[in-house]
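Number of protein chains: 2
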Amino acid sequence: MKPGKQAAFLANWTSQARKGFLELLVLNLLGRREHYGYELVERIRDSSGIEINDGTLYAILARLQKEGFIQHRWEHLEKGPARKYYDLTPDGKNALKEMRAVWEDMAGAVRKSGARNV
Amino acid sequence: MKPGKQAAFLANWTSQARKGFLELLVLNLLGRREHYGYELVERIRDSSGIEINDGTLYAILARLQKEGFIQHRWEHLEKGPARKYYDLTPDGKNALKEMRAVWEDMAGAVRKSGARNV
DNA sequence: ACTAGATACCTAGTAATGAAAGGTATATGA
DNA sequence: TCATATACCTTTCATTACTAGGTATCTAGT
């Protein structure tokens, strides 16, 4: 196989595998405490080592709010751009519970299906 | 929120979250031993409880073979339709290792980010 | 005063995948 | 004869992450 082809496949696969996962990650973090958007980008990168484009994150936040799973309040600082703080609604907490259960099923299936000797 | 909306969201989210995951699951199973397509559908359902449409599975197998990660041999039985047995190529084993590493990072991030009290 | 960079928000277009709904063919049992 | 199970495959659609843009405020350096 061509040398770059492996890397290209993995990059694309990773991008696909992150679908859904990123939403769960954001809800998980908002379940701990409120965050503003830019803060989430930094926190995800620094604490999880997961890179996320800010454009991707804001799209996720917009979707979650449209679903009624998160809500926001503006905080206008004396210095610097205003911040939009998000936290979970009761519907969001319910959705998070169900999403975690689905995720656990998937993680369990990967564990069970994985051979040790490949 | 409308009663059916929660369920509709979860179904869609699950569908998105399975992207990538299903390919990893298939490679994991083929890493243990060879399987034919129809067998994979049953095995995934029976041992993991994960439902997978056979059309989805055959598309995955076609992609993985196009990438050079799996190969097949035909088995013509005396009775019933012929079976197409798949197993991993060396490239497939390498890809599987890398995909598992990415998956572990994601699973770890979910664990670390998850609050216990939501 | 000007520039670069960091902070903080947002949008439009593209590519890739799972799901649904179809199709083909062989064998079995009512 | 008809339904069901086995076993393969294709086409179309909806959704989401990524890329590459954009706006605006503040700070630091020249």
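Going line by line, the protein sequences match chains Y and X.
When you read off a place in the first sequence, starting at 1, and then add 616, the result is the number in my numbering.
When you read off a place in the second sequence, starting at 1, and then add 616, the result is the number in my numbering.
No residue lacks a Cβ here, since even glycine has one placed at the ideal position from N, Cα and C.
It should be emphasised that the depicted structure is a prediction, and the values quoted were computed from it without experimental measurement.
So residue i contacts chain X; which residues on that side make the cut at Cβ distance below 8 Å?
i: Gly-730 of chain Y; result: Asn-644, Gly-647, Arg-716
i: Trp-719 of chain Y; result: Ala-633, Val-726
Looking at residue j and residue i, is the spacing between their C-beta atoms short of 7 Å?
i: Glu-714 of chain Y; j: Ile-676 of chain Y; result: no
i: Leu-641 of chain X; j: Ala-725 of chain Y; result: yes
i: Glu-691 of chain X; j: Arg-679 of chain X; result: no
i: Glu-693 of chain X; j: Leu-673 of chain X; result: The amino acid at residue 693 of chain X is misidentified as Glu; the sequence shows Leu. For Leu-693 of chain X and Leu-673 of chain X, no; Cβs fall outside 7 Å.
i: Gln-632 of chain X; j: Lys-635 of chain Y; result: yes
i: Asn-644 of chain X; j: Gly-730 of chain Y; result: yes
i: Tyr-701 of chain Y; j: Tyr-652 of chain Y; result: yes
i: Ala-723 of chain Y; j: Ala-723 of chain X; result: yes
i: Thr-705 of chain Y; j: Gln-687 of chain Y; result: yes
i: Asp-703 of chain Y; j: Glu-650 of chain Y; result: yes
Throw me the rounded Cβ distance for the residue i and residue j pair, which I believe falls under 8 Å.
i: Phe-685 of chain X; j: Ala-717 of chain X; result: Not really, about 16 Å apart at Cβ, beyond 8 Å.
Please list, in chain order, the chain Y residues whose beta carbon lies closer than 9 Å to that of residue i.
i: Glu-639 of chain X; result: Trp-629, Gln-632, Ala-633
i: Glu-655 of chain X; result: Chain Y residues near Glu-655 of chain X: none, gap ~14 Å exceeds 9 Å.
i: Glu-650 of chain X; result: Going along chain Y, no residue has its Cβ under 9 Å from Glu-650 of chain X, so there is no contact; the nearest lies around 12 Å.
Quick one: what's residue i bridged to in DSSP?
i: Leu-712 of chain Y; result: Leu-712 of chain Y is not bridged to any residue.
i: Arg-699 of chain Y; result: Y:Glu-691
How would you list, in chain order, the residues of chain Y whose beta-carbon sits under 7 Å from the beta-carbon of residue i?
i: Gly-620 of chain X; result: Those do not exist, as Gly-620 of chain X stays about 13 Å from chain Y at its closest Cβ, beyond 7 Å.
i: Glu-683 of chain X; result: Phe-625
For residue i, which residues in chain Y fall below 8 Å Cβ to Cβ?
i: Asn-710 of chain X; result: Gln-622
> Fully enclosed by the stretch 622-695 of chain X, which alpha helix (DSSP H) runs are 4 residues long or longer?
Replying inline: 637-648, 653-659, 670-682
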